[in-house]
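Here this note's numbering runs 993 ahead of the position in the sequence shown, where the first position is 1. Beta carbons: idealized from backbone N, C-alpha and C, even for Gly. A quick note: this is a predicted structure, and the numbers were derived from the prediction, not measured.
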Amino acid sequence: MTANASNEYNSDVEILRQKEYPHMSDGVYLDHGGATIYARSLVEGFASKMVTSLYGNPHSENSPAKLSGDIVDQVREKMLNFLGASSKDFDLIFVANATAAVKLVADCFRDLGEKSKDRKFWYGYHKDAHTSIVGVRELTYGQFHCFENDEEVEEWLQFPEHPSMNRPNPNGLGLFAYPGQSNMTGRRLPLSWSWRARQAGSLQNTYTLLDAAALAMTYPMENIFQDPDQAPDFTCFSLYKIFGFPDVGALVVRKDSGHILTLRKYFGGGTVSMVATFGETPWHRSKGLQAPTYKLHEGLEDGTLPFHSILALGEAIDVHLRLYRSMRDISAHTSHLIDQLYRGMVGLRHANGRPACHVYSENRDFSDPSKQGSAIAFNMILPSGGYISYTDVERIANNAGFYIRSGGVCNPGGIFSLLGYEPWMTERALSAGHHCGSNGISVLNGLPTGIARASLGAMSTRQDVDSFLDFLRATFVDTDSALSATSTLRSIPSDATIEHRAAIVDAIPEPRKLELKKSQSRRIPILSHLRRAPKPGVRSSSLAARNFIGGLPTIR
């Protein structure tokens, strides 16, 4: 398949949606950043292999076991090829997900750091990092630094010994981690930092960890791995974000740097060549550095690998290449769509001229795939300027068949910096009872505590984007025809009881029906939507009605 040369939109995807993704027909899926959708032929191909061959534990030596072992080796090589990483320069370790890959690297650095003079290692991370990247700091015994913006990273690369880095020994063991793409806003960070850190004379003992979980979904990774001298030392992936299935992750390691991981303390089944379990001095020999005849991954993949999932991964790669040909085509396709979505959302305005949507981003060029991925973070705004609860936006969208995500999206640095929070304000939010999750406080002291996020994937279409924009416009934008109703709702007293507020909402006349196409029939104005009976298992939307319309400074 090839993208349309004139506008880079791949119209062939619309045909694929009918054949390969029938399970996407009941709604508009806009949470590809959480997990993209698997193709039907992937599931069918995997099922066929499962029922036509016998697979055993690859740690055994019988024929079914050897078949599994051979497939694991083949898929490892196939995955490296898919990423554009040569097996001569890189190795791939299968893990549960990107978080497991991060923890593996972190544990190795902690163990090695304990052998250093100050018995710790230094850790630096970017404020846009996923929570799993931030969590590594707890293994450093306080020797860490958060880079609050790109400029601070640039300054560190030029002046590594700056005292603000909280690094008493700049030449000591260190690890710098950052996301290739913010999982909150979709902004793509500079990929040059890894090789620039390697070139810095004072950072020869500082390694780099790239979180590519969000980036790899719609980005050609050969741009990163084609030159091993410029690639990160460690790169982590959640492969279900690329293929939809299976649920497995990977850690790609530069072989020139991988030896540092073999010095960890823990060892699991299959990662050692010999173990003495008793005696005065029990000992073991790990595969890898202590037993160099083994490959790097053999000393790091603890226990039995998920060999059935790896079998599915091989099928997923084949299907993905057959359907989409290359990640470059996917990048062009999703870049076109996210720019279309961005332009539509920032153009939403109420009848009084005020914006109806606030898009959060440090990048305003959504058409440039080197700067922006296929995700957009936003909050909807009342005509008065107050924020609508992001949890209510997700709940209302879900009931209307639009599947987005809301909350802190596991990106605390991005959330609080872009939403205008200072450190003391986050402590106030916690003391007021806010916490991560759907039961937190959505708007506190006039500021939202999270966002709604829409993210697109390889199988997203123009119709997905257009219908979502129509839904936002019909549901959250105050037009002349609905002005009297929303004005009445905004006038609800702040001290009104729940029963009083509900009575006011129920007394409002039904708004004029919108003329919608058949494909848009599930989109309905917010007032009539709020009166609908909730789906089984979905919390009543009466709270959403009171929150949306009240325009109160604090909305739960």
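query, result
"With a threshold of 7 Å on Cβ separation, who are the neighbours of H1427 within its own chain once the five nearest residues in sequence on each side are excluded?", "G1433, I1434, L1437 and T1442"
"Could you spell out the range, first to last residue, of the alpha helix (DSSP H) harbouring A1206?", "Taken as a continuous stretch (DSSP letters only), A1206 belongs to no alpha helix (DSSP H), as it is neither H nor E."
"Quick check on the burial criterion: 16 or more other C-beta atoms within 10 angstroms. Buried or exposed for R1315?", "exposed"
"Can the beta-carbon of K1113 be found closer than 8 Å to that of G1307?", "no"
"Given a cut-off of 8 Å, decide if L1203 and T1178 are closer than it, judged by their beta-carbon atoms.", "no"
"In this structure, does DSSP put Q945 in helix, strand or coil?", "Past the edges of the chain, shown from 994 to 1549, lies residue 945, and the structure says nothing about it."
"Output needed for S1302: all residues of its chain with C-beta closer than 8 Å, excluding positions within five of it in sequence on either side, in chain order.", "P1239, D1240 and V1241"
"Per DSSP, V1021 forms a beta bridge with which residues?", "F1395"
"Can you tell me which of the three DSSP states S1279 falls into?", "strand"
"By the 10 Å Cβ neighbour count, where 16 or more other Cβ atoms means buried, how is P976 classified, buried or exposed?", "Residue numbering for the chain in the displayed model covers 994 to 1549; residue 976 lies beyond these limits and cannot be assessed."
"Pick helix, strand or coil for R1525, following the three-state DSSP scheme.", "A caution first: R1525 carries a pLDDT of 34, below 50, which makes its placement in the model unreliable, though a value can still be read off. Coil."
"Any idea if E1387 is buried or exposed, counting beta-carbon neighbours within 10 angstroms, 16 or more meaning buried?", "buried"
"Which residues does DSSP list as the beta-bridge partners of M1373?", "C1350"
"Considering only residues of the region 1116-1173, which uninterrupted alpha helix (DSSP H) runs meet the minimum length of 4 residues and lie entirely inside it, listed in chain order?", "1124-1127 and 1143-1151"
"With DSSP as the reference, label V1088 as helix, strand or coil.", "strand"
"Please name the residue, chosen from V1095, A1122 and P1163, that lies closest to L1132 on a Cα-to-Cα basis.", "V1095"
"T1274 to P1163, Cα distance in whole Å?", "36 Å"
"Can you give the beta carbon distance from I1030 to A1243, rounded, assuming they're within the 8 Å contact cut?", "Actually they do not touch by this definition, with Cβ atoms about 20 Å apart."
"Out of G1237, A1422, E1141 and V1470, point me to the one whose CA is closest to G1027's CA.", "G1237"
"What does DSSP give as the partner residue(s) for A1445 in the beta ladder?", "F1371 and S1399"
"Is the separation between the beta-carbon of T1264 and that of S1250 shorter than 8 Å?", "no"
"Taking DSSP as the reference, what is the three-state secondary structure of F1359?", "coil"
"Could you give the DSSP three-state label for L1105: helix, strand or coil?", "helix"
"Out of curiosity, what's the CA-to-CA distance linking F1075 and S1328?", "21 Å"
"Which one of R1010, L1254, R1342 and L1289 has the shortest CA to CA distance from D1082?", "L1289"
"Distance check for L1105 and D1322, CA to CA, integer angstroms please.", "42 Å"
"Out of curiosity, what's the CA-to-CA distance linking R1010 and A1451?", "10 Å"
"I'd like the list of long-range same chain contacts for A1309, defined as Cβ closer than 6 Å, with 5 residues on each side in sequence excluded.", "L1035 and F1236"
"Determine the closest residue to I1008 out of A1205, A1467 and Q1456, with distance taken between C-alpha atoms.", "Q1456"
"Which residue comes first and which comes last in the alpha helix (DSSP H) that contains S1460?", "R1455 to F1469"
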